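There are 2 protein chains.
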Amino acid sequence: MQAAPGEPLVASSRGPGRARGARRLTLGDMAEALQVSTATVSLALRDSPLVAPATRERIKAHALAAGYVYNRSAAALRTARSNMIGVAVHDILNPYFAEVFRALEDELGRENQVVLICNHRDDVARQQRFIDTLMQHRVDGLVICASVGTRVEDINGLADSGIPVTLICRDVAGARVPVVRSDDVAGARMVVSHLIAQGHRQIAMIGGRRQSSSGHDRNLGWKLALEEAGIDVAAQLDIPELMTTADGRDAVAQLLSATPRPTAVFAFNDLIAHGLLSALRRAGVEPGRDIAVAGYDDTDGAASRTPALTSVWNKPDEIGKTAAALMLRQIAGAPVTEMPAPILPELRVRESTPPPKPGGEGQARGA
Amino acid sequence: MQAAPGEPLVASSRGPGRARGARRLTLGDMAEALQVSTATVSLALRDSPLVAPATRERIKAHALAAGYVYNRSAAALRTARSNMIGVAVHDILNPYFAEVFRALEDELGRENQVVLICNHRDDVARQQRFIDTLMQHRVDGLVICASVGTRVEDINGLADSGIPVTLICRDVAGARVPVVRSDDVAGARMVVSHLIAQGHRQIAMIGGRRQSSSGHDRNLGWKLALEEAGIDVAAQLDIPELMTTADGRDAVAQLLSATPRPTAVFAFNDLIAHGLLSALRRAGVEPGRDIAVAGYDDTDGAASRTPALTSVWNKPDEIGKTAAALMLRQIAGAPVTEMPAPILPELRVRESTPPPKPGGEGQARGA
DNA sequence: GGCAACACTTCAATCGATTGAATCAGAGGC
DNA sequence: GCCTCTGATTCAATCGATTGAAGTGTTGCC
C-alpha cells in the first residue's frame, strides 16, 4: 500500500535539524522567568478559568513581549489533534474548485483549522501519496473530491480508521461517508430541457469523465431530458473525457463535421464551453447565433464572455460551507449518519443559447 | 502583534481529542511485537545502516502488514523539522499563481515536503494570521508573495528568527531574503515597445497595484518604453489598482471615453485583458481590429481567445522551481546570500495587437 | 477553633519518535 | 586465554505542551 520493500517506509528528513536560529522560547522558559509552573503558563495562554485573571494577563503579556510562538507539534502529540484538514481535489486551477476551496478555508479557518490542499490531477497514486502524508501529519479530517479510479474500500478504510472524511463534488458508490455535491442529473436536465424548449433537436454533449459521478450524472441528465422530449439519444453526438479549455477547442472540428450537425452543445463545464466558443468563432460559426452553447458551473467568466454563456450554477460556496460544517461536526465527535441531500443547482440562461437558426442546418443536412 | 489581550494567545482545540478510532499503532507496539527495541524499529523504518538488513526487512514487512502510520508530530517535536512549507499568495484563482504553485509543489514534494497554501487576498492581516499559524506548526520555510502593505521589518523579522523565507513575484524593498521574480520592467517594456513598433502612439495602461513591485515595475516599463520613443507619458491613460476580469470589463467605459482615445491598451495581467476583450467587443469596438490589447502572464487562455492575446510569458514554472530550490538550500543550512537574478520574460505576439486602424480615431479625435 | 468549600497553583506522567552513549556478541589477533 | 575491534542492538534522556490528581492558602460557616 505504501513504499516498495527497498525504500524507507518513513521519509527521513535529510539535513540537520534546526538549521539556524537560537532555541525557541518554551512554556518552561516562561514559567521559569515568571516563577510559576509550566502548567499555569499553559492554562493561562489558553484562557482556562483555572488561572486567576491577574496571573493570566501577566503571563500573556510576558508571552507577547518575549515573542513566544506556540508549538503545535508538541500540543498535537499530547492531544492527538493537529488542527489541520487536508483537501484533495483534481484541479484547483478550475475556478469552480477555487470557489469551493475558498468557502472551506473561510469556515474552517474560523475554527483555527489550517487547510492543506493537493491537486491530485485525477491520478489515484498521487491522491494516495497525499493522503498517506496527511495521515502521518495526523490531520483531523479529510475533504476529498475523489480521483477517477478511487476504490471505495480505500475511502471506507480511512473512515474506519477513525478519521473524519467528507467527499465533495463526486460521489464514490458504496462509500460510508457523507458526500456533499450538487444534483448533477437535475442540473444537466435543466439546461438540456432549456435547449429543447428553445427548439433544438440535435444537442451534443461534450466532455466529462464518465467514470466520475459528475461526468456520469450530467451525461445521464442529458439523456433523460432528451428521452423525455422523445428525441433519439443514440443519434446525438457524445464526446466523453474532455475536461479543459484546450480540450474544448480541439473538439470543435469533430463537432462541426458531425452529421447531422448539432444545433446546440451542452459542455460538461465552463472551461470546455470557453474553448468551444473561441474555436467555433474562429471556424466562422458564431456561437449565440449559428449555434447554441451551454456550460456548467457558472464560473466567473461565464457571464462576461461574448456571447454571455448560459450555464448551470452549482453553488460552490454552499458546497464548501456544508462540507466544512460536516467536517467540524465529525471532528467534534458526532458521527454523521444521514447523508446530506444533493444541492439543487440553478440554470442561468444567457445569450449563448438562442433558438436554432431558422433556415439553418441541423434538421436536415448532409443531403 | 498577535491577539488582543482578551483573547487566547494560542487557539485551544475545542472538543475531545481522538474522537473515535482505536489507539494507533506506535513504534513501541511494533517493538514489543517483534521483540526488539523501539530504537531499532525507528532506525529500520528510516533505512539506517545501523540495523542489519535482515532485521530491517522484517520490521518493514511487519509495519506494512500491521498498517503502521508514522507520526510526524512526534518526530517533529524531537527533530525540530516538520517537513512542511507554507506558501502565501494573494490569489490562487489566478492561473499564473496556480502554475507557480504547481511547480513548487512538484519540486518540494520530491523532498517529502508538504506544501500549505493560503490566499491572503492582499490583506496584510490575513497574511500575518496565516504566517503566525504556520510558525506555530513549525514549518520548515515560507514562500511568500507579499501582500500589498507588508512591512519589510516583518519579513526580516521572520528571517532573523531563523526560518528560511523566499519571496516570489513581488519584491519588498530592503528585505534580506532571496526574491525570485521576473523582470517586470523589461517585460512591460517589451510589450509596449512592440505596440509602439506597430505604430501606436496612444497606449493606455490598465491595472496593477502600484504599491506592489510588480504593479510598480510594469508601470515603469510602460513609461520607459514610451519615453524612449519620445511619447508624452502624461498624455496617456493610466488606470491603476485593477486586478480582475471584472475590473477589466468595468474599465472599458473609461477607456472608450478617454480623449484622445487610446489605440492600444497594455493590461497589467491577462485576467484584466480578458475582461477588456469581452467588454470592448460588446461595446462594438473589435479588439484586434479596432483597438490593440496586450496582456501579461500568458496564462492558459491567452492563446485560445479570439483574438488570440498578445502577452508576456512570465515563466511561472521557472519561478516555482527556483524558489523551491532556494528553499531547500536554505533548509539544508546553506544561507543564501546572493540574490537570484530576475528572470527575463518573453514577449508572445499574437492577433490582438495589430497596427492602429488606418483611418481610425486616436491620433486626432474629439474635434 | 475546627472543618469544609473554594480558588488557584503545581506535580508529574504522558504523548511517540529520535539519538548519543552504552552494551553485547562474536570474530580475529597475539 | 585475553584483549580489541566491529557490527548490531538497546538504554534512556529528550523534544514541548497537556492534564488528572494532588497540593496550597484563603474564606466562610457553625
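These protein sequences, in sequence, are chains B and Y. Under my numbering, the very last position in the first sequence is 368; numbers go up by exactly one each time. Under my numbering, the very last position in the second sequence is 368; numbers go up by exactly one each time. C-beta atoms are modelled at their ideal positions from N, C-alpha and C, and glycine is treated no differently. Since we're looking at a predicted model, the values are computed, not measured.
Would residue i be called buried (16 or more neighbouring beta carbons within 10 Å of its own) or exposed?
| i | result |
| --- | --- |
| A20(B) | In this prediction, A20(B) has a pLDDT of 42, which is less than 50 and means its spatial position is unreliable; nothing more can be read from the coordinates. |
| L238(Y) | buried |
| L310(B) | buried |
| S258(B) | exposed |
| E108(B) | buried |
| T260(Y) | exposed |
| L10(B) | buried |
| P357(B) | buried |
| R15(B) | Unreliable placement is indicated for R15(B), whose pLDDT of 49 sits below 50; the coordinate value is still reported in the next sentence. R15(B) comes out exposed. |
| M340(Y) | exposed |
| L345(B) | exposed |
| A66(Y) | exposed |
| A254(B) | exposed |
| G68(B) | exposed |
| G367(Y) | A caution first: G367(Y) carries a pLDDT of 36, below 50, which makes its placement in the model unreliable, though a value can still be read off. Exposed, because fewer than 16 other Cβ atoms sit within 10 Å of the Cβ of G367(Y). |
| D298(B) | buried |
| G210(B) | The sequence as given places Arg at residue 210(B); Gly does not occur at that position. Buried: at least 16 other Cβ atoms inside 10 Å. |
| R82(Y) | buried |
| M2(Y) | Since pLDDT at M2(Y) reaches only 43, below the 50 mark, its modelled position is unreliable, and no value is offered. |
| Q331(B) | buried |
| P359(Y) | exposed |
| P179(Y) | buried |
| P96(Y) | buried |
| D233(B) | exposed |
| T338(Y) | exposed |
| Q203(Y) | buried |
| Q36(Y) | exposed |
Give the interface partners of residue i over in chain B, defined as CB-CB distance under 7 Å, in chain order.
| i | result |
| --- | --- |
| Y71(Y) | V11, Q137 |
| T134(Y) | V115 |
| E94(Y) | Per the sequence shown, the amino acid found at residue 94(Y) is Leu instead of Glu. Here the neighbours are P96, A99. |
| R250(Y) | S305 |
Going by DSSP, what residues sit across from residue i in a beta bridge?
| i | result |
| --- | --- |
| G163(B) | Partner(s): none; G163(B) has no beta bridge. |
| A89(B) | C119(B), I145(B) |
| I207(Y) | I240(Y), A268(Y) |
| I292(B) | P288(B) |
| D298(B) | W314(B) |
List the residues of chain B whose Cβ lies closer than 9 Å to the Cβ of residue i, in chain order.
| i | result |
| --- | --- |
| L227(Y) | Result: empty, since nearest Cβ-Cβ is about 30 Å, beyond 9 Å. |
| S148(Y) | The contacting residues do not exist; S148(Y) stays about 16 Å from chain B at best. |
Which bits of chain Y does residue i rub up against, with CB to CB less than 9 Å?
| i | result |
| --- | --- |
| N120(B) | A99, F102, R103, E106 |
Since residue i meets chain Y, which of its residues come closer than 8 Å, beta carbon to beta carbon?
| i | result |
| --- | --- |
| R283(B) | T307 |
| S279(B) | S305, R306, T307 |
| S83(B) | S74 |
By the criterion of Cβ-Cβ separation under 8 Å, what are the contact partners of residue i in chain B?
| i | result |
| --- | --- |
| S312(Y) | Near S312(Y) there are no residues of chain B at all, since even the closest Cβ is about 15 Å away, more than 8 Å. |
| G276(Y) | S305 |
Using the beta-carbon of each residue, which ones in chain Y are nearer than 7 Å to residue i?
| i | result |
| --- | --- |
| A75(B) | L78 |
| D301(B) | T246 |
**Contiguous alpha helix (DSSP H) assignments of at least 4 residues, all confined to the region 300-334 of chain B** = 317-332
Can you pull out the residues from the region 192-222 of chain B whose beta carbon lies closer than 9 Å to at least one beta carbon of chain Y?
none
Quiz item: Taking the runs of the beta strand (DSSP E) that are 3 residues or longer, which of them lie wholly in the region 230-285 of chain Y?
Solution: 265-268
request  = Note down, one range per segment and in chain order, each beta strand (DSSP E) of at least 3 residues found wholly within the region 338-363 of chain B.
outcome  = 347-349
Query raised in the report: What beta strand (DSSP E) runs, 3 residues minimum, are completely inside the region 152-203 of chain B?
Result: 166-169
Q. Got a sec: which bits of the region 335-348 of chain Y sit with their beta carbon under 9 Å from any beta carbon on chain B, in order along the chain?
A. A335, P336
Q. Whole alpha helix (DSSP H) runs in the region 55-114 of chain B with 4 or more residues, listed along the chain?
A. 73-80, 96-111
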